[in-house]
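Peer 1: Just so you know, the working numbering puts 192 at position 186 of the sequence shown, and the rest follows in order with no gaps. Note that beta-carbon positions come from the ideal geometry of N, C-alpha and C, so glycine has one too. This one's a predicted model, so the numbers in the text were calculated from it and none came from an experiment. Here it is, the structure in full.
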Amino acid sequence: MKNKILISKTTIFIFDSGLGGITIFNYIKNIFLNINFIYLLDNKYFPYGNKSKSFILKRLIKILNKISLNHNISLVIIACNTASVSSLPQLKKYFNFPIIGVTPVFDLAIKKTKNKVIGFLATNTTIQNYKVQNKINLLRKKYTIEIISSFKLVLLAEYKLLGYKIILNEIKKIFFSWYKLKIFPDTVILGCTHFPLIKKEIQNVFPKKIKFLDAKYFVIHKFKKIVKYNKNLLSKKKNIVYYTKIDKNINKIRNIFLKMNFHIFKKFNT
Ligand code: DGL
């Protein structure tokens with residue numbers, strides 16, 4: 007275990023392909039108040055859910071190399087399940103700063119389920135990942151795992167945050183195959199950081215109340231383990247957002263981050 011980081015000029019780098027990492031930022035933003043956050047959304051290559059493992063790994067190495075040249079990064083949070091399952095072990099070997107990632111919470115789901123039917127929502131790249139496949143195959147000896155991979159759901163989550171109207175029927179269509187199930191899952195793993203943004207709407211199209219699980223508690227726990235708060239060291243906060251492509255929603259994205267106290271908004275060229 008690496009030594010704890012002492013918060014003085016602590017800068018935490020949060021990464022996602024898009025806006026999903028905001029769900030992770032929201033879990034940790036108030037734990038210690040005087041941290042500087044840098045959030046990078048790789049909207050140039052959004053979505054990651056259809057990219058190969060090797061593409062994602064190379065891309066993350068490139069981004070982390072460049073960001074760590076320009077900023078003194080204390081901790082990296084890969085706030086994207088797709089990127090984490092595709093690259094986390096290699097990134098941890100490659101860089102010497104601590105890196106936390108979010109991954110699907112299967113072990114929590116088996117503790118929570120009562121009817122032994124677990125739903126798993128994630129991107130295609132996450133679902134196809136060999137470690138995720140191995141875990142699913144193992145669990146299938148005792149549990150029923152119902153899987154849905156949907157880029158549409160990722161997109162709808164972004165649209166919601168960007169202020170567009172979400173049509174519930176669109177979400178209903180995504181879950182069409184589940185309506186025919188004999189036993190509906192009582193527990194659903196949100197294996198993509200975008201999905202907590204749209205949890206209420208997903209619940210609304212389900213026939214019964216569901217337990218939704220994401221990596222919240224693990225991220226908070228790992229975060230507290232690595233970061234050590236020293237209340238005597240107050241630094242001025244300076245949060246930065248980097249984006250990798252200018253698109254039609256860029257002003258809306260800027261406004262979302264402004265509300266979260268990110269005042270510097272810059273293009274990251276890579
Ligand atoms: N937020 C990402 C995740 O947690 C995926 C979104 C995408 O497909 O880019 O998996």
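So what's K148 in DSSP terms, helix, strand or just coil?
Peer 2: Looking up residue 148 in the sequence shown gives position 142. Note: K148 maps to coil in three-state DSSP.
Peer 1: What are the boundary residues of the alpha helix (DSSP H) that Y100 is part of?
Peer 2: Numbered from 1 along the sequence shown, position 94 holds the residue referred to as residue 100. Residues N87 to Y100.
Peer 1: Examine the ligand DGL and report whether any of its heavy atoms sits within less than 6 Å of the Cβ of F190.
Peer 2: By one-based count along the sequence shown, residue 190 stands at place 184. No, the Cβ of F190 stays beyond 6 Å of every heavy atom of the ligand DGL.
Peer 1: Less than 6 Å between the CB of F19 and some heavy atom of the ligand DGL, yes or no?
Peer 2: Position 13 of the sequence shown holds residue 19. No, the beta carbon of F19 sits no closer than 6 Å to any heavy atom of the ligand DGL.
Peer 1: Quick one: residues in its chain with C-beta nearer than 6 Å to the C-beta of F218, no 5 flanking neighbours on either side, listed in chain order?
Peer 2: Within the sequence shown, the letter at position 212 stands for residue 218. Correct list, in chain order: V194, L196 and K205.
Peer 1: Have a look at I37 and V247 and give me their C-alpha separation to the nearest angstrom.
Peer 2: For the purposes of this step, residue 37 is identified with residue 31 of the sequence shown, where counting begins at 1. For the purposes of this step, residue 247 is identified with residue 241 of the sequence shown, where counting begins at 1. Their backbone Cα atoms lie some 20 Å apart in a straight line.
Peer 1: Indicate the three-state DSSP secondary structure (helix, strand or coil) for F103 in the structure shown.
Peer 2: Here the question's residue 103 lines up with position 97 in the sequence shown. Residue state, collapsed to three classes: coil.
Peer 1: Could you tell me whether the segment 47-54 touches the segment 251-263, using the rule of 3 or more Cβ pairs below 8 Å?
Peer 2: Taking 8 Å as the limit for Cβ pairs, the verdict is that the segment 251-263 does touch the segment 47-54.
Peer 1: I195 lies in the alpha helix (DSSP H); which residues open and close that run?
Peer 2: For this step, residue 195 is matched to residue 189 along the sequence shown. Not the alpha helix (DSSP H): I195 falls in the beta strand (DSSP E), residues T193 to G197.
Peer 1: Do you know how far the Cα of K243 is from the Cα of T199?
Peer 2: On the sequence shown, residue 199 is found 193 positions in, with the first residue counted as 1. On the sequence shown, residue 243 is found 237 positions in, with the first residue counted as 1. Rounded to the nearest angstrom, the two C-alpha atoms are 25 Å apart.
Peer 1: Does N140 come out as helix, strand or coil in the three-state DSSP assignment?
Peer 2: Reading the sequence shown from its first residue, position 134 is the one you call residue 140. Residue state, collapsed to three classes: helix.
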